[in-house]
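Participant: Residue numbers (our numbering): -5 to 144.
Using N, Cα and C, we set each Cβ at its ideal position, and we do this for glycine too.
Take this structure, written in structure tokens, and hold onto it; I'll ask about it next.
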């Protein structure tokens, strides 16, 4: 049985009365499956070093997920829950993180260059040594401090 929701397809396979659930993560442009994860949720999932470039993870619950050194270049993570996620050295360049919850996320040395962080919740997030361009810095500071960067 396949159920599609928010760009993620949930697949359930029956094998000798055992139920095996798999989550398929698809490319946001082609719909091609780029990663399959066993389980019925991505909460706390180990996706370290995964190649999720251009993945459609919009509205996905990735809270407490391990995304250390994950390739998320150009991924759609809009409205995703990444609270308490481990994104150390993850490549989020060109990713859409608009409206995402990154509260208490660890983004140490993550690459946020050219990412869209408009409306993202970064409260208590670790942004130490993040790579970001002026536009990303502007988005973050204007949301936090409600003043304009020139």
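Which stretch, first to last residue, makes up the beta strand (DSSP E) that contains residue 37?
Facilitator: Residue 37 -> no beta strand (DSSP E), and no H or E assigned at all.
Participant: Give me, in chain order, the residues of the same chain whose beta-carbon lies closer than 8 angstroms to that of residue 55; leave out the 5 immediate sequence neighbours on both sides.
Facilitator: Taken in chain order, the residues that qualify are 35, 36, 37, 74, 75.
Participant: Please report the distance separating the alpha-carbon of residue 9 from that of residue 15.
Facilitator: The predicted model places residue 9 with a pLDDT of 48, which falls under 50 and marks its position as unreliable; any figure quoted below should be read in that light. Cα to Cα, residue 9 sits roughly 11 angstroms from residue 15.
Participant: Can you tell me which of 85, 118, 39 puts its alpha carbon nearest to the alpha carbon of residue 103?
Facilitator: Among 85, 118, 39, the Cα nearest to that of residue 103 is on 85.
Participant: Please report the straight-line C-alpha distance between residue 69 and residue 118, rounded to a whole angstrom.
Facilitator: So the alpha carbons of these two residues sit roughly 23 angstroms apart.
Participant: Alpha carbon to alpha carbon, how far is residue 111 from residue 2?
Facilitator: Rounded to the nearest angstrom, the two C-alpha atoms are 22 angstroms apart.
Participant: Just list the residues that DSSP pairs residue 19 with in beta bridges.
Facilitator: 2, 29, per the DSSP bridge assignment.
Participant: In chain order, what residues of the same chain lie with their CB nearer than 7 angstroms to the CB of residue 125, ignoring the 5 residues before and after it?
Facilitator: If we look at residue 125 and ignore the five residues flanking it on each side, its Cβ neighbours are 105, 106, 107.
Participant: Go ahead and pull the three-state DSSP assignment for residue 14.
Facilitator: Three-state result, residue 14: strand.
Participant: For residue 113 and residue 22, what's the separation of their Cα atoms in angstroms?
Facilitator: Distance between the alpha carbons of residue 113 and residue 22 is about 21 angstroms.
Participant: Got a sec? Which residues, its chain only, sit under 6 angstroms from residue 40 by beta carbon, not counting five neighbours each side?
Facilitator: Cβ within range, chain order: 60.
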